[in-house]
Amino acid sequence: MKHLLSINDLDVQSALSVMNLALEMQQVNAREVKKLPALNGRTVANLFFEDSTRTRFSFELAAKRLSADVVNFSAKGSSVSKGESLKDTVQTIEAMGVEALIVRHHHSGAAKTIANSDWSKSIVINAGDGTHEHPTQALLDALTIRQRLKGKADSGDLAGLRVLIVGDILHSRVARSNCLLLRLLGASVGLCGPATLIPNDALKLADSVYFNLDEALADNFDVVMMLRMQRERMNSAFIPSETEYATLWGLTESRFNSLSNDTLIMHPGPMNRGLEISSTAADSAQSAILEQVTNGVAVRMAVLYKLLAKESSLS
Ligand code: NCD
Numbered sequence: 274m275k276h277l278l279s280i281n282d283l284d285v286q287s288a289l290s291v292m293n294l295a296l297e298m299q300q301v302n303a304r305e306v307k308k309l310p311a312l313n314g315r316t317v318a319n320l321f322f323e324d325s326t327r328t329r330f331s332f333e334l335a336a337k338r339l340s341a342d343v344v345n346f347s348a349k350g351s352s353v354s355k356g357e358s359l360k361d362t363v364q365t366i367e368a369m370g371v372e373a374l375i376v377r378h379h380h381s382g383a384a385k386t387i388a389n390s391d392w393s394k395s396i397v398i399n400a401g402d403g404t405h406e407h408p409t410q411a412l413l414d415a416l417t418i419r420q421r422l423k424g425k426a427d428s429g430d431l432a433g434l435r436v437l438i439v440g441d442i443l444h445s446r447v448a449r450s451n452c453l454l455l456r457l458l459g460a461s462v463g464l465c466g467p468a469t470l471i472p473n474d475a476l477k478l479a480d481s482v483y484f485n486l487d488e489a490l491a492d493n494f495d496v497v498m499m500l501r502m503q504r505e506r507m508n509s510a511f512i513p514s515e516t517e518y519a520t521l522w523g524l525t526e527s528r529f530n531s532l533s534n535d536t537l538i539m540h541p542g543p544m545n546r547g548l549e550i551s552s553t554a555a556d557s558a559q560s561a562i563l564e565q566v567t568n569g570v571a572v573r574m575a576v577l578y579k580l581l582a583k584e585s586s587l588s
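Residue numbers in the sequence shown follow the working numbering, run continuously in steps of one, and reach 588 at the last position.
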């Protein structure tokens, strides 16, 4: 397989193989000299048409730790503001010798459009397309869950684990990719949020759906993953007010205190403290939020290695 556009590009074996290679990349990242020669002389471009902190940094660090050359493009400050099309932007970058594109775009399907076109030869990695998918986020989340809940050395799947994803599911590419991957790996997934922010096909995506957070939390999930309200992807008013949202849907201090001590708390970031998650929950020992970020570099090194290194492949 040439590209990583969706979790549907993976089967159990290839997903586990990325996660297990990421374990080896973690060893590299724990060393003083965090560098492998694998992609020496290769050129990767971060093509970001949307804002990002962790995903862009993480892909950049991952590529650099494999010794690739990395160039960063962000739509703000580029010729996109002068009307340049996606095709012309990609062709311009490729004409300079770039061979892999890490694409974040506000349109669902943008990465696939590039990958399937006859005007691009690049290897394409989807770093978030609209409300569709964010496959490397799901892989880093699965790795984090496995390490925290199934033991550091475990290299198997997530069979038997139960994960609750809470909040703005409708606009979340993280939720979509996580539902696909977690269930592929044998976990079961519950979705929870206001009816306006739950997609119509929720019961195809997940095993259960809740419209009341306290009822969902009472079901003792192993993992509670909180999501941001993705206002930049909303086209109308989906909630009455932020205060009401925080009260009904936030992982407040008292809700957090009612959870069992081994419930893992996750959030893909960026967080809105006091809205969907309280600082008590985010900064607790049960929170894996910074581990998710750390694991993001290792997972992206594994994906880049599998897609770009000679004699390696995703499947
Ligand atoms: C997410 C994204 O951009 O989809 N962030 C991330 O990549 N870690 C989630 C979000 O924007 O809320």
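Ideal Cβ positions, reconstructed from N, Cα and C, are used throughout, including at glycine.
- Query: In the DSSP assignment, what are the bridge partners of residue 342?
  - Reply: Partner(s): 316.
- Query: If residue 473 sits next to residue 278, beta carbons under 8 angstroms apart, how far is it from one beta carbon to the other, in whole angstroms?
  - Reply: So it is not a contact: roughly 23 angstroms between Cβ atoms.
- Item | Beta-carbon proximity check, residue 464 vs residue 475, cutoff 8 angstroms | Inclusion of residue 464 and residue 475 in the CB contact set at 8 angstroms is warranted, their separation being smaller than that value.
- Message: Is residue 447 a contact residue of the ligand NCD, with contact defined as CB to any heavy atom under 7 angstroms?
- Response: The ligand NCD has a heavy atom closer than 7 angstroms to the beta-carbon of residue 447.
- Starting from residue 321, follow its DSSP beta bridges and name the residues at the other end. DSSP, once it has assigned bridges, lists 347 and 377 as partnering residue 321.
- In chain order, which alpha helix (DSSP H) runs of at least 4 residues are fully inside the stretch 452–516? Listed in chain order, the complete alpha helix (DSSP H) runs (minimum 4 residues) inside the stretch 452–516 are 475–478 and 486–491.
- What residue ranges within the stretch 276–306 form continuous alpha helix (DSSP H) runs of no fewer than 4 residues, ordered along the chain? The stretch 276–306 contains these whole alpha helix (DSSP H) runs: 285–302.
- Task: Give the C-beta separation of residue 434 and residue 460 to the nearest angstrom, bearing in mind that I take them to be a contact with Cβ-Cβ under 8 angstroms.
- Result: Contact holds; Cβ gap of about 4 angstroms.
- Query: Based on the DSSP output, what are the partners of residue 546 in its beta bridges?
  - Reply: Looking at the DSSP output, residue 546 sits in a beta bridge with 550.
- Can the beta-carbon of residue 537 be found less than 8 angstroms from the beta-carbon of residue 554? No; because the gap between Cβ atoms is not below 8 angstroms, this pair is not in contact.
- Cβ neighbour criterion (16 or more within 10 Å) applied to residue 306: Classification for residue 306: exposed.
- Message: Please state the DSSP three-state secondary structure of residue 569.
- Response: Three-state DSSP puts residue 569 in a helix.
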